[in-house]
Each structure stands twice: as C-alpha cells, then as structure tokens.
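Visitor: Dropping a structure here in structure tokens format, bear with me for questions.
Chains as they are written, first to last, in my numbering: chain V, 4 to 274; chain Z, 99 to 406.
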C-alpha cells in the first residue's frame, strides 16, 4: 500500500482535466511512470509532471492526495474505482463523476456536476457543490445511480436531477428543482430548499430534516403510517450527524407524488 | 468394558445422537408489540415439526428487545431448517407470505448476513400489485408493500447456511409425570441458548421414529424399541420393567457446537431432577452411525470441558 502526493506547482488559467488520475491507477505505477501520465490542459495534452510535483510514501491504503489550489482542476476522481482520493481544497467541475467505488474527500467546494452519474463509493464534500450535483451528464437519462454523496455545505440547483439509486445528503440548503425528475434513491436535506422541489418525481424519497418546503399541489398527503420504513431510513441517515443526528426520534409528515408522472415518490417533512 | 455413567441416579447411556446436515436460515420478525410478533412467528412455524412431512422444521429461537431489531420494535428470531436450499426457499416464502405478511403490523428481516441469498420479500412484493416500492438502505434492499394497516416492510433476501438437524435426547422415566417434568425442564434449559430450536410441540416428541416400516410406502415408523407398550412383544427392546414412559427432544441448530451444547444443558436439567424425580435413564437415537456425519456422544458431552 502506498500514498501518492500530487502537489499542483502553480495556479493555471486554463482548466486542467484530471480524468485517469485515480488511486488505483497511481498505486500500480512508480513515481516516474506517474509523472508521465497524460492530462489535458485546455486543448493540450501534458505530462502530469509539468503541472504537479509527484512524491510517494508508505501508507495504509491506496491513497492519492491532491494539494495546492485545485479550483481549476476538473474531473477529480472521474470514474474512480477504488482507494482513497483526498483533495486538499476546492476542486472544479465533475468531481467524482461516474465514480464506481472507493472514497473521494474534497476539503473545500466542488463545482458543477459533482457526483454526476456516480454509481458507487463515497464522495464527501466539506464545502458547497454547484448546480446539477448527483445528476446526469448532459443528454443522459439517468443521474446518480449508486453510492453516497455527502455535502456538508450547500448545493446548487437541480440537485439529484434524474437520480436513480443511492443516497445524497446535503447538510445545508439546496437550490431550485431539487430531486427533479427523480427516478429512485434517497435525498436528504438539512436546510431549506428552493422552488419546485421534487418536480416530476417518479419514485424515491426526499427528506427535509430542516424547514419543510412549499409542497406542490401535485403531491397528496399520506394518511398511513410508515413508521417501520422511517426507522430504517432515519437510523441510516442519523449516522451522518449534523441536522440528521436526531431523526429517529422525530415524527414525520409524508406527501406522495408527483402525480404528474408516476406518483410513487414520497416527500418526507420532519416535524 | 467401561463403567456405566450414573449422575444423580440417572443412567447415561454410552451412546450417541446421530445428526444430519441441513440447510438453515434465520429471520427476524418485528411488530408493534411482542404479542403480534409472536402471533406471526407462531403461525409461520406451525406444522413444521419434521421434514418427513412438513417440508421444513422451524421454531422460535428467542425474543429480541426493541434495541436489538432493525426497526426499533420488539421481535422474535425464527429458525427454519430443510433438507435442501430449494425446499427451504419454498417453505420460507410460503410461510412468510401466509403468516407474516398477513399478520398486523409485522415486518420481516434477514437474521443471517453470510450465505447464499434466498428470497424473503423479493417475490412477496408482487402482492403490492404494482404499488410496491423498494429502498436500498446501507446496501440492503427492502420492499414496502402497501397493506390495509399501512405497509409491510420486508428485506429482499435472507441467507442460507449449513445447519445441523436431528440432535436428540431420549428421556426414560418411571411414569408420564416424571417424563414430562424432565422434558419440560430440559427444553426450558435449551431455549435459553442461541442458534437452536426444538421443533416439536412444546419442544417434545412422544412418537420417536425409526427409519422404515413394514409398510413399504412409509419412510418412518414408531421406534418400537423404546415403546413401553411393546416390552415383551418386540424382539428387541431398550427398556426394562421400571420404565413406563419415554420422551424425546429433537434439536436443530445452526452449528454442531450449538446442538451439542443444547444436548448438554438438556441432560444437566434432567440430571438435576434425578432418579428421585422419576428420570431413570438418558439415551439418544442413532442409526448405527452410518447415515449422519454428526455424532453427539452423551458421555463426551457430560465430560469436563477439557476432556470433551
């Protein structure tokens, strides 16, 4: 097992695309080989060593640490399939996109489309995420389809658009159209939501642990108790802490919809 | 010739119980309160005394406090055993579908984590007629089926493991009262253990069987060597004139160790009653050791721990 450190040498004006730089790829290579890995900056292909200083040390797991000002680095952890990737600061767009396994920690903010089409693993963002997190790539039919996304800050608009599976948790507020066109899965919001939550929701669960939203008239109040299900779900959400810590002891109101589409989704407001 | 083992006046036969590998699973049934969980578990484990004609052997393993269950409600652990994984899956689905899904407020979960998965709520979900929904929580899929009291929640699958079936004790007593007292005490002691069930009514069977019959269509028939009513009539009897009543306790367990421990505590409970209480002998049923791979020798089970 080894820990690989990539230190960004200087901030760049052009975007850097870090697809292909994952813990499992780096774990199988020596430092010299890692330095020769190709990344793109703008429309140029460069050796990784032209942008990052690469070093290696022993570690307990296959770990890759990115250091420096990473806000111009896109696709951090793109298609990641194992190991631990730690970004020591804010990252650009598509962080954790299409990741299948492993853990990605972002110690800052993430840009647009974080965790888009994520299929497995755990992505934790200590700061905020931009629009379309946990959603689809443009033109695609399914959004996040597995794994867990934990956002400790706020999220932008269209959070979990077309989400199909997995769990996405936001400690703070979310923008407009959260869980729009949601197919299935679980979204939990600790703060407030913008306009039109769960618009076109087909199935799945949207939990508001904080202030409840204005519920669309295309949702109907649920008359029956779902206490068993709530205990299963809330105990799992509670392990994230923060606004979700006390959920199992709290009561809920459920609304079923969106009747404009399949109508099997549920919007849970914690009272 | 080894000296006979006598404990508190009870003769312990120098024999062994012969047990067989079975397929086993555990499920957890919870409900609004323990009474309703017990209603469901009792119904689901009904008519499940012997694989000879019931399809499976099943029983309630133990009660679960609210803080031991996935949904924070009281519940019960149920063990089911069958001769094949396919038959076990069939029995599980029928029993949960007819006895747990139907019982007010219940939910059902897997009680084992490791092993081949068999459907629990996976097919029962279709009772929802299209209104059923699934939810994956912490990597486990649950089905929510709308029913008239709200919704029935069932974990999608449970696991099958290799179990041990057919551990047994034969309690030979001077009369019915003494035999029942010894059997009841033994069953009560065994029920305090985990990983075992005693599938017969009250944990006790009075119709111990031998393999085969004079009637070719019957796979099993009365164990005539232990029938007091046949002493003097059959060619070979295991009884003497003092023994007028015999009870058997059959034990199925998730492991060989669990079955052995249940037999041990059962014997100790009988020994505590002793010959003064009417229990004269403890024996065990076997088929000469040629059919089942698990042999539980009574003397070894009662030996000090280091000598077993």
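Cβ atoms here follow ideal geometry from the backbone N, Cα and C, with glycine treated the same way. These figures come from a predicted structure and were not determined experimentally.
#1: Could you tell me which chain Z residues have their CB closer than 7 Å to the CB of residue 168/V, listed as they occur along the chain?
#2: Could you tell me which chain Z residues have their CB closer than 7 Å to the CB of residue 267/V, listed as they occur along the chain?
#3: If the cut-off is 7 Å on Cβ atoms, which residues from the stretch 81 to 110 of chain V count as contacting chain Z, listed in chain order?
#4: Are at least three pairs of beta-carbons, each pair with one atom in the stretch 246 to 258 of chain Z and one in the stretch 315 to 334 of chain Z, less than 8 Å apart?
#5: So which residues of chain Z does residue 231/V contact, with C-beta pairs closer than 7 Å?
#6: Only counting the same chain, and skipping five residues up and downstream in sequence, which positions put a Cβ closer than 6 Å to that of residue 147/Z?
#7: Just to confirm the assignment, what range does the alpha helix (DSSP H) spanning residue 191/Z have?
#8: With respect to 8 Å, is the separation between the Cβ of residue 236/Z and the closest non-hydrogen atom of the ligand NAP below this value?
#9: Please state the DSSP three-state secondary structure of residue 103/Z.
#10: With a Cβ-Cβ cutoff of 9 Å, do residue 199/Z and residue 259/Z count as a contact?
#11: Do residue 154/Z and residue 179/Z have their C-beta atoms within less than 9 Å of each other?
#12: For the stretch 239 to 266 of chain Z, which residues have a CB atom closer than 7 Å to at least one CB atom of chain V, in sequence order?
#13: Is there a Cβ from chain V that is less than 9 Å from the Cβ of residue 353/Z?
#14: Please list, in chain order, the chain Z residues whose beta carbon lies closer than 8 Å to that of residue 275/V.
#15: Residues in the same chain with beta-carbon distance under 8 Å from residue 248/V, minus the five sequence neighbours each way, listed in chain order, please.
#16: Using 9 Å as the threshold, is the C-beta distance between residue 177/V and residue 199/V below it?
#17: According to the neighbour-count rule (16 or more other Cβ atoms, all chains shown, within 10 Å of its Cβ), is residue 365/Z buried or exposed?
#18: Which runs of the beta strand (DSSP E) fall wholly inside the stretch 229 to 253 of chain Z and span at least 3 residues, in chain order?
#19: Using 9 Å as the threshold, is the C-beta distance between residue 69/V and residue 79/V below it?
#20: Report buried or exposed for residue 263/Z, applying the criterion of at least 16 other Cβ atoms within 10 angstroms of its Cβ.
#21: Tell me, please, whether the CB atom of residue 140/V is closer than 9 Å to any CB atom in chain Z?
#22: Would you identify the three-state DSSP class for residue 237/V, choosing helix, strand or coil?
#23: Taking a contact to mean a Cβ-Cβ separation below 9 Å, would you say residue 277/V touches residue 66/V in this structure?
#24: Within 8 Å, do at least three Cβ pairs link the stretch 176 to 192 of chain Z to the stretch 112 to 130 of chain Z?
#25: Is it true that the CB of residue 214/V sits closer than 9 Å to the CB of residue 244/V?
#26: Using CA coordinates, which residue listed in 228/Z, 291/Z, 295/Z, 301/Z is at the minimum distance from residue 280/Z?
#27: For the structure I just gave you, are there three or more beta carbon pairs, one from the stretch 303 to 310 of chain Z and one from the stretch 181 to 193 of chain Z, closer than 8 Å?
#28: Straight-line CA distance for residue 17/V to residue 45/V?
#29: In chain order, what residues of the same chain lie with their CB nearer than 8 Å to the CB of residue 160/Z, ignoring the 5 residues before and after it?
#30: Would residue 51/V count as contacting chain Z if we go by Cβ distances under 9 Å?
#31: Here's the rule: buried if 16 or more other CB atoms are within 10 angstroms of the residue's CB, otherwise exposed. What is residue 12/V?
#32: In the DSSP assignment, what residue or residues form a beta bridge with residue 126/Z?
#33: Among the residues of its own chain, which have a CB less than 8 Å from the CB of residue 387/Z, if the five just before and after it don't count?
#34: To the nearest angstrom, how far is it from the Cα of residue 94/V to the Cα of residue 57/V?
#35: Out of curiosity, what's the CA-to-CA distance linking residue 43/V and residue 233/Z?
#36: For chain Z, is any of its Cβ atoms less than 9 Å away from the one on residue 188/V?
Guide: Let me spell this out:
#1: 234
#2: 231
#3: none
#4: Segments in contact, no.
#5: 169, 205, 251
#6: Excluding sequence neighbours, residue 147/Z sits near 297, 298.
#7: Per DSSP, the continuous alpha helix (DSSP H) segment holding residue 191/Z begins and ends at 183 to 193.
#8: This structure does not include the ligand NAP; it has no bound ligands of any sort.
#9: Residue 103/Z carries a strand assignment under DSSP once its states are collapsed to helix, strand and coil.
#10: Taking 9 Å as the cut-off, the Cβ atoms of residue 199/Z and residue 259/Z do not count as close.
#11: yes
#12: 240, 242, 248, 249, 251
#13: no
#14: Residue numbering for chain V in the displayed model covers 4 to 274; residue 275/V lies beyond these limits and cannot be assessed.
#15: 241
#16: no
#17: buried
#18: 231 to 235, 238 to 245, 248 to 253
#19: yes
#20: buried
#21: no
#22: DSSP places residue 237/V in helix when its eight states are reduced to three.
#23: Outside the shown range of chain V, which is 4 to 274, sits residue 277/V, and nothing can be said about it.
#24: Cβ pair count under 8 Å is three or more, so yes.
#25: Not closer than 9 Å, so no.
#26: 301/Z
#27: no
#28: 6 Å
#29: Closer than 8 Å at Cβ, skipping near neighbours: 174, 175, 289, 292.
#30: no
#31: exposed
#32: 175/Z, 207/Z
#33: 114, 116, 393
#34: Using only the alpha carbons, I get a separation of about 18 Å.
#35: 40 Å
#36: yes
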